[in-house]
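Data first, discussion second: the structure below is written as structure tokens.
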Amino acid sequence: MHRRLFLQALGCGCLSLGFSSCSTVPITDRKQLKLIPEAKLNAQAASIYEKIKQKEKLSDDNKQLNEIKEIGKRLEDSISEYFYRSNMDDPTAGFDWEYILIDNKKVKNAWCMPGGKIAVYTGILDVTKNTNGLAAVMGHEVAHAVAKHSVERASSRVATNVVIQVTDILSGGKLSTVNRTTGMNTVGLLTQMGILNPFSRKQESEADYLGLIFSSLSGYDIREAPKLWERMKKSRKGKETPEFMSTHPSADNRIKKLNEWMNEIILKYPPIKQT
Ligand SMILES: [Zn+2]
Numbered sequence: 000m001h002r003r004l005f006l007q008a009l010g011c012g013c014l015s016l017g018f019s020s021c022s023t024v025p026i027t028d029r030k031q032l033k034l035i036p037e038a039k040l041n042a043q044a045a046s047i048y049e050k051i052k053q054k055e056k057l058s059d060d061n062k063q064l065n066e067i068k069e070i071g072k073r074l075e076d077s078i079s080e081y082f083y084r085s086n087m088d089d090p091t092a093g094f095d096w097e098y099i100l101i102d103n104k105k106v107k108n109a110w111c112m113p114g115g116k117i118a119v120y121t122g123i124l125d126v127t128k129n130t131n132g133l134a135a136v137m138g139h140e141v142a143h144a145v146a147k148h149s150v151e152r153a154s155s156r157v158a159t160n161v162v163i164q165v166t167d168i169l170s171g172g173k174l175s176t177v178n179r180t181t182g183m184n185t186v187g188l189l190t191q192m193g194i195l196n197p198f199s200r201k202q203e204s205e206a207d208y209l210g211l212i213f214s215s216l217s218g219y220d221i222r223e224a225p226k227l228w229e230r231m232k233k234s235r236k237g238k239e240t241p242e243f244m245s246t247h248p249s250a251d252n253r254i255k256k257l258n259e260w261m262n263e264i265i266l267k268y269p270p271i272k273q274t
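Structural data, given as structure tokens:
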């Protein structure tokens, strides 16, 4: 009972707590809870990222990696430029961007850790197919980081006092199944950062929306985004990948929304000219 009241106070947020634990997501203006210092989470992410670089097999396809870095650079620059021109604080100011391509065809995934540490798995390149498709995926993942979704998630974990029992899960639970079927060596590490747990529906939708905006600002053709999710939907059918690995669920609804936002975003957020 008391606990519920406490959670409600946290949920509606902000004022009742009386200190700066709440902020708003730029552009969407959604209120979010932030109890964990962002710098702390970024540092933690950076150290886990280093371990992942050691444990996973990195691709030697430099041409592909360069494309990833080029898309990333355009996203980085246009995001900063957009916030600069809008006279808003750049949410990526403390980021230390980095990109890796992990050689694992079984994993159709990509992620961006808090602070801008990005990984693309070779498996998702069969689905992205082209530069605009890859930009759509990267725009979406970067949007999670720009909107500080991990900070928010870690904060609500603190608020609800839920502890992820990584060791329990690893000793024969779902995650070790993932490990076996996908050949990922870093399942435990990724779980610590919340990478393998789906974001909330609200956060996913927000990342879709912001991702479209960032891709459009960067000069990519965002009409590829709904096509990409169509391909993603097909590629997932009949695959052995465990259900909860699909960190990006509900394809139909998301495609519908992407199409709804499309024209407005193309008009409102044209490619931003970079100096
Ligand atoms: Zn997402």
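When we follow numbering that gives the first Met the number 0, the leftmost residue of the sequence shown carries the number 0, and every step to the right adds one. Note that beta-carbon positions come from the ideal geometry of N, C-alpha and C, so glycine has one too.
Best match in the options for proximity to residue i [C-alpha to C-alpha]
| i | options | result |
| --- | --- | --- |
| Cys21 | Asp28, Thr27 and Leu34 | Leu34 |
| Ala45 | Lys201, Leu257, Gln191 and Leu227 | Gln191 |
| Leu40 | Pro197, Lys255 and Val150 | Val150 |
| Glu75 | Lys54, Lys50, Glu97 and Asp59 | Glu97 |
| Ala250 | Pro269, Asn262 and Leu227 | Leu227 |
| Gly218 | Glu37, Lys72, Thr23 and Asn65 | Lys72 |
| Pro36 | Arg200, Pro113 and Phe198 | Pro113 |
| Asn131 | Asp28, Ile67, Ile264 and Pro197 | Ile67 |
| Phe94 | Leu32, Phe198 and Ala142 | Ala142 |
| Lys105 | Ile265, Pro197 and Arg235 | Arg235 |
Proximity of residue i and residue j at Cβ, strictly below 7 Å
| i | j | result |
| --- | --- | --- |
| Asp89 | Ser79 | yes |
| Ala144 | Gly115 | yes |
| His148 | Gln202 | yes |
| Met137 | Ile47 | no |
| Tyr81 | Leu216 | yes |
| Leu195 | Ile51 | no |
| Ala146 | Ser214 | no |
| Glu263 | Asn184 | no |
Through-space distance from residue j to residue i, alpha-carbon basis
| i | j | result |
| --- | --- | --- |
| Gln43 | Glu140 | 18 Å |
| Ala109 | Asn103 | 11 Å |
| Leu211 | Asn178 | 32 Å |
| Asn86 | Asp220 | 26 Å |
| Arg133 | Val186 | In the sequence on display, residue 133 carries Leu and not Arg. Whole-angstrom Cα-Cα distance: 23 Å. |
| Lys267 | Glu223 | 18 Å |
| Lys272 | Ser77 | 8 Å |
| Lys30 | Gly193 | 21 Å |
| Ile117 | Leu100 | 9 Å |
| Asp59 | Val119 | 13 Å |
Residue i, buried or exposed, once every other Cβ within 10 Å from all chains shown has been counted against 16
| i | result |
| --- | --- |
| Gly182 | exposed |
| Ser154 | buried |
| Arg152 | buried |
| Glu49 | exposed |
| Gln53 | exposed |
| Pro25 | buried |
| Ala38 | exposed |
| Pro269 | exposed |
| Lys128 | exposed |
Self-check item: Meets three-Cβ-pair contact criterion under 8 Å: the region 228 to 235 and the region 107 to 126
Solution: yes
Quiz item: How about the region 251 to 258 and the region 189 to 207: do they share at least three Cβ pairs that are nearer than 8 Å?
Solution: yes
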